[in-house]
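Below is one structure, written out as C-alpha cells; comments come after it.
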Amino acid sequence: MNSTVALPQEQVPADRIVDVDMLAVPGGAQDAQKAWRALGSKYGLIWTPRQKGHWIATNGAVVEQIYRSPDLFSSSVPNLPPEPLPFKFRPLQLDGHEHRVFRAIIDPALRPAAVQSYAVRARKLAIDLIEGFWPTGECEFVADFALVMPLSVFLWMVDLPMEDRAMLQRWVHAATRGKTRQAIEEANISMFGYVSQRLAERRAKPGDDILSQVIRAEVDGRPLSEEEQLGTSVLLMAAGLDTVAAMMSFVMHYLARHPAVRRWIMENPSQVSVATEELMRRHGVANNTRTATQDVEIDGVMVHKGEHVLLPNCVHGLDENLFPNPEEIDFTRKPGLTGTFGFGPHRCAGANLARMEMRILLQEWLSRIPDFEVDPKYPVIHQTAQVNGIETLPLRWETESGRRSRADFADQGRAGPCYSDAVPAMVLTIDPSSRVLDLRHCRCCHCPAARRGGFWLVRLSTSSDGRTD
Ligand code: HEM
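Heads up: the sequence shown at position 305 corresponds to 440 in my numbering, and the numbers run straight through without jumps.
Below you can see the structure in the form of C-alpha cells.
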C-alpha cells in the first residue's frame, strides 16, 4: 500500500519530526513490537509526515493518558490516512453517549459467561486442528490455526455455516495483509456484502445469534438503521479476527524460539492465565488512532485540534518504567494492566474471548507439541500496520517416529484426544476378559503434571484384538 508523504506541520518542533511509515517501521520485519518501542528513545510523542501527517505516542504514559482522555481525543477516525468508509464501525468510531449506547448492544454477547459457552467447541476445534497436522511434523501456523480459530468462533457467534470459513478466511487475509490497495478494497467490499446479506436473512427470519440481537436492539428508544446494523456487525467480525490471529502468531513465534518459556507453561498448568497475560503484554498488536478535539498540550508539545495520534499499544507493554526488562517474558512479574487491549471507554470489548482463545491455544498445543521450532528454510517476517502481524509462520517438530503422513498415523490405532484442561489421560488397553495388555501415557498428552505423578483420567478401550481406539 502506498503511503502519502505530506509536509510536517510548521508548528511541530524539528527534533520531534521523524520520517516513519507505520507500514514499514525500521526494524519491524524482525521484531514488530521492539521496532515501535525504539521510536521512543527521546520523546513520548513524535510527528511523522507519512499517511498525510500524524503524531505517534511512543511511551506507556502518553498512550494511557490519551486513551483516558476521550473528551480531548475522539475515536471518530479509525485508520490512517483517514479515508471515508461506507459506514461507521460501531461503537469503535463513536464518542460519549453514542458510544455508550452502542457498546451496551454488544457487551452482553462478550461477557465471560457468554464467551464461556463457546469454550468446549473452541477447545475441540483446537484439538482437531492440532491433531490434524501433528503427525506430519509441520504446519504453517497462520493459515492452519491462527486464522481458523477466531473465524470459527465468529461463525458460531453469528450462527453461520462453517462452509463459509474458507471464503471468509481469504477475504480477511486479503483485507488485512493485501499487497495492493485494490486487493484490500475488494476484500473489504466482499466482507461487507457478506455481512449485509446475512443481516437481510436475519431480518426476514430472526434467531438468537448476535446478528439477530443487533437487529432487535434499540438505541434511545428507536431501532437501528440498516447502516448502523451493518457497522456494528462488521466490527464484531473485523475486530476479533486479525487481532487474535496476529497475537497467536507472535506468541507462537516467540515460544518456538524460547524452550524455557514453553517449559515453564507446561510445568505450571494452573498458571496458564498468568502466562497468557504476560505473553500478550510483550506482543501488543493493535495500533489505534485518536483525533484531538481541541488544542491540547501532551508530553510538552501542542497537539492541535483535528490532528491525529497513533497509539501503538505495544509501547505501553514494553515501557521499562512500567515493566522492568520489558522485552523479557517473566511470569513472576507483579500483575499490572497492560495496554494490549487499550484503556478507557473503548477498552477491548472482546478481551474475554481473546484470552479464552489464547489459553486454549497454549494448553492444547503445548500438551501435544511441547518442542517445536521455526522451520529455518523460510524467513519469518513481522509486519507493522494498523494491526501488527506475521504473514506466514512455518513451524516444525519431531513426531514420535519422525515425519509421517496422516494416513500412516491413522493406522496406529491412536488414543483419542484429552479434552480436559489440566488432567492428563492414560490409555489402558485390555482384552475382552479385562486383562490389561498395555497401560501408557496418552500420546496426545505430554502434560508435565502427568510426569510429576499428578492426577489421572483413565480411558478404557476394549477390543478383541487388543488395539486401542
Ligand atoms: C488479542 C486479541 C485482541 C486485541 C489485542 C484487541 C485489542 C483491542 C483494542 C486495543 C481495542 C481498543 C480500540 C480503541 O480504543 O480504539 C479494541 C476494541 C474492540 N475490540 Fe478488541 N482486541 C482483540 C480481540 C477482540 C475480539 C476477539 C473481539 C470480539 C468480537 C474484539 C472486539 C472488539 C470491539 C467490539 C472493540 C470496540 C470497543 C469500543 O469501541 O468500545 N476484540 N480491541
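Glycine included, every Cβ here is placed at the ideal spot set by N, Cα and C.
Nothing here was measured: the structure is a model prediction, and the numbers come from that model.
- DSSP places N423 in the strand class (E or B) of the three-state scheme.
- Contact between M284 and A244 does not hold, since the beta-carbon distance rounds to 18 Å and is not under 8 Å.
- Relative to the non-hydrogen atoms of the ligand HEM, the Cβ of H481 comes within a distance shorter than 8 Å of at least one.
- P529 is the residue among P529, E533 and E535 whose C-alpha sits nearest the C-alpha of F280.
- R531 is bridged by DSSP to E273 and E508.
- A Cβ-Cβ distance of about 11 Å is found for the pair L180 and V450, leaving them out of contact under the 8 Å criterion.
- Within the segment 197-253, the complete alpha helix (DSSP H) runs of at least 4 residues fall at 231-241 and 247-251.
- In this structure I516 touches E526 by the C-beta definition: roughly 6 Å separates them, less than 8 Å.
- In this structure, the alpha-carbon of P247 lies about 10 Å from that of Y253.
- If you check the C-beta of T467 against the ligand HEM, you find no heavy atom less than 8 Å away.
- Proximity of the segment 459-466 to the segment 180-190 falls short of the contact definition, fewer than three beta-carbon pairs being nearer than 8 Å.
- S360 is the residue among D230, K469, S360 and P148 whose C-alpha sits nearest the C-alpha of A335.
- A distance criterion of 8 Å places the beta-carbon of P285 in contact range of the ligand HEM, judged by its closest non-hydrogen atom.
- Here the segment 263-270 makes no contact with the segment 307-322; the two share fewer than three CB pairs at distances below 8 Å.
- In the displayed model, V522 falls within a strand according to three-state DSSP.
- Residue environment: V255 is assigned as exposed (fewer than 16 neighbouring CB atoms within 10 Å of its CB, all protein chains considered).
- Look at M157 here: in three-state DSSP terms it is coil, with no helix or strand label.
- The segment 361-441 contains, as complete alpha helix (DSSP H) runs of 4+ residues, the segments 361-392, 394-402 and 407-417 (chain order).
- In the DSSP assignment, L180 falls within the beta strand (DSSP E) that extends over L180 to T183.
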